[in-house]
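Below you'll find the structure, written out as structure tokens, and then a few comments.
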Amino acid sequence: MEPQHQTGSVIFIYLAVFVVVSLVASLNEFLVGDLADRSDRARVKSQLTSLKTAFLSYKGDLKNYPFAGKNPFDASAYARVWKHLYADETDENMLFSAFVPTIDGEPCTLGLTATQYKARWKGPYLMYETQVDSLVDAWGNPIAYYCLDDGRYLRIFLHSAGEDGKFDMARPELAALATELENYKVFRFSRLFQLSHQPMLNANSSEYEGDDLLIQIDQIRKPHNSRIVRLAS
């Protein structure tokens with residue numbers, strides 16, 4: 001029979017080992033989760049860069065980025081076209097085929113005739129097999145495509161809401177834009193623009209602590225006369 005103090009020592013050792021193992025397991029779980037999150041963010045940053053290249057190539061051929069209607073200087077026209085960048089069928093997706101959608105009763109040809117549009121279209125501009133792989137982020141949320149008008153320039157963005165799926169709105173105008181995007185969302189997404197409840201944040205700021213990721217595709221100077229509509233010719 002072991003002395004009582006030896007039995008107590010053994011129990012203490014087992015408890016110490018148990019505590020250490022638990023701490024190591026918890027730390028490992030934390031580190032694995034942190035690394036996975038960093039990996040997802042790195043993947044989405046790379047995805048946004050690839051998408052930007054695709055949109056720049058599209059503009060190089062068609063002289064404009066995808067927009068609805070006839071006025072490329074109408075910032076809301078860019079949000080209205082987004083569901084035709086997400087279509088699951090590649091032959092109905094503007095980045096994968098020369099498909100000409102009709103939006104609000106008008107063919108979406110960027111001010112060109114349908115024949116001109118199809119002749120200039122040199123895609124596909126994305127090499128993914130399906131839309132799901134190309135414009136949906138690592139957390140299963142659609143990447144928003146939209147344009148902001150600051151008075152002198154149109155600024156076109158691709159925007160991921162990050163892991164929490166909530167967009168940290170960088171400007172008040174985006175709150176109104178959210179409604180526009182909701183109206184033109186793909187039906188398989190129950191909601192596109194879920195707003196965070198925190199104060200308005202600028203995801204481009206060095207002080208930003210949220211999880212959104214976005215990239216500016218381009219900045220387009222507006223004509224001096226805002227009534228002038230300059231279409232590709």
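Residue numbers (the numbering used here): 1 to 233. We put the beta carbon where it would ideally sit given N, CA and C, even for glycine. None of these values were measured; they are calculated from a predicted model.
Taking 8 Å as the threshold (C-beta atoms), are residue j and residue i in contact?
i, j, result
"Leu135", "Leu214", "no"
"Asp168", "Gly210", "yes"
"Ala79", "Asp104", "no"
"Tyr125", "Leu62", "no"
"His84", "Pro72", "no"
"Glu106", "Phe99", "no"
Should residue i be labelled buried (16 or more other beta-carbon atoms within 10 Å of its own) or exposed?
i, result
"Gln219", "exposed"
"Leu154", "buried"
"Ala114", "exposed"
"Val110", "The sequence shown places Leu at residue 110, not Val. Label assigned to Leu110: buried."
"Asp212", "buried"
"Tyr208", "exposed"
If you draw a straight line from the alpha carbon of residue i to that of residue j, how long is it in whole angstroms?
i, j, result
"Asp164", "Ala42", "16 Å"
"Arg120", "Ile156", "22 Å"
"Arg38", "Ala161", "15 Å"
"Phe96", "Leu112", "19 Å"
"Ser76", "Gly151", "14 Å"
"Asp137", "Lys222", "31 Å"
"Lys59", "Lys45", "21 Å"
"Lys166", "Leu148", "19 Å"
Tell me the DSSP secondary structure of residue i in three-state form.
i, result
"Ser39", "helix"
"Glu163", "coil"
"Asp168", "coil"
"Glu254", "Residue 254 cannot be examined here, being either before or after the span of the chain that is shown, 1 to 233."
"Ile13", "helix"
"Leu51", "helix"
"Asp137", "coil"
"Tyr125", "coil"
Should residue i be counted as a contact of the ligand MG given a C-beta to heavy atom distance under 7 Å?
i, result
"Lys83", "No copy of the ligand MG occurs in the structure displayed, which carries no ligand at all."
Let me know the beta strand (DSSP E) ranges lying completely inside the stretch 53-85, each 3 residues or longer, listed in chain order. Runs of the beta strand (DSSP E) inside the stretch 53-85: none found.
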